[in-house]
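Reading through the structure tokens given below for one structure.
Residue numbers (the numbering used here): 350 to 504.
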């Protein structure tokens with residue numbers, strides 16, 4: 350199993366209140382965090398931040414990605430448009446574990462409006478510490494095959 354060290358981290362305006370707390374938590378538990386998130390006041394468009402994180406992961410500039418918006422859904426939709434990204438919305442500990450273990454997700458998407466800071470941090474920790482089970486690799490290969498086929502206009 351590869352050691353996860355570097356994280357790409359992105360948030361939108363909905364996650365502004367928890368952004369710094371989550372980022373500091375990740376640093377405190379030993380991760381290097383590159384922050385692509387929205388750090389200003391006002392509103393922003395979550396796809397702008399989702400694509401930055403997804404591209405960092407897909408291009409191997411980060412080992413995993415973490416995205417937080419209001420629900421995690423919008424970030425997941427946008428991130429999954431980037432070839433090589435498997436982004437999963439995780440609404441509890443089980444989905445965080447299974448996204449990593451069975452689905453080979455490399456980006457976790459969480460909701461600031463659906464979870465507390467503590468719950469978000471706990472889900473991220475589970476996601477990062479859960480290894481992918483190789484017995485699921487054939488399914489991940491099929492996902493990447495779909496991605497290749499559809500990117501050639503044959504989908």
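Built from N, CA and C at the ideal position, the CB exists for glycine as well.
Taking 3 residues as the shortest admissible run, the stretch 399-442 contains the following complete beta strand (DSSP E) segments, listed from N- to C-terminal end: 413-418, 436-438. The shortest C-alpha to C-alpha distance from residue 446 to any of 468, 420, 474, 425 is the one to 474. Rounded to whole angstroms, residue 353 and residue 480 show a C-alpha spacing of 10 Å. Using a Cβ-Cβ distance cut-off of 8 Å, the stretch 400-420 and the stretch 457-472 are in contact, since at least three pairs of beta carbons, one from each stretch, lie closer than that value. Excluding its 5 nearest sequence neighbours in each direction, residue 380 has C-beta neighbours in its own chain below 6 Å: 356, listed in chain order. Of the residues 439, 419, 436, 490, the one whose Cα lies closest to the Cα of residue 392 is 419.
Going by beta carbons, residue 438 and residue 371 fall outside the 9 Å limit.
Nearest to residue 451 by C-alpha distance, out of 397, 466, 435, is 435.
Within its own chain, the residues whose Cβ lies closer than 7 Å to the Cβ of residue 427, once the five positions on either side in sequence are excluded, are 395, 396, 399, 400, listed in chain order. Ranking 488, 453, 495 by CA distance to the CA of residue 476 puts 453 first.
Residue pairing by DSSP leaves residue 387 without any beta bridge partner. Our two residues, residue 410 and residue 363, have alpha carbons roughly 26 Å apart in a direct line.
For the 9 Å CB-CB criterion, residue 387 and residue 358 do not form a contact. Nearest in C-alpha terms to residue 390, of all of 402, 366, 375, is 366. When DSSP reads this structure, residue 360 sits in a beta bridge with 417.
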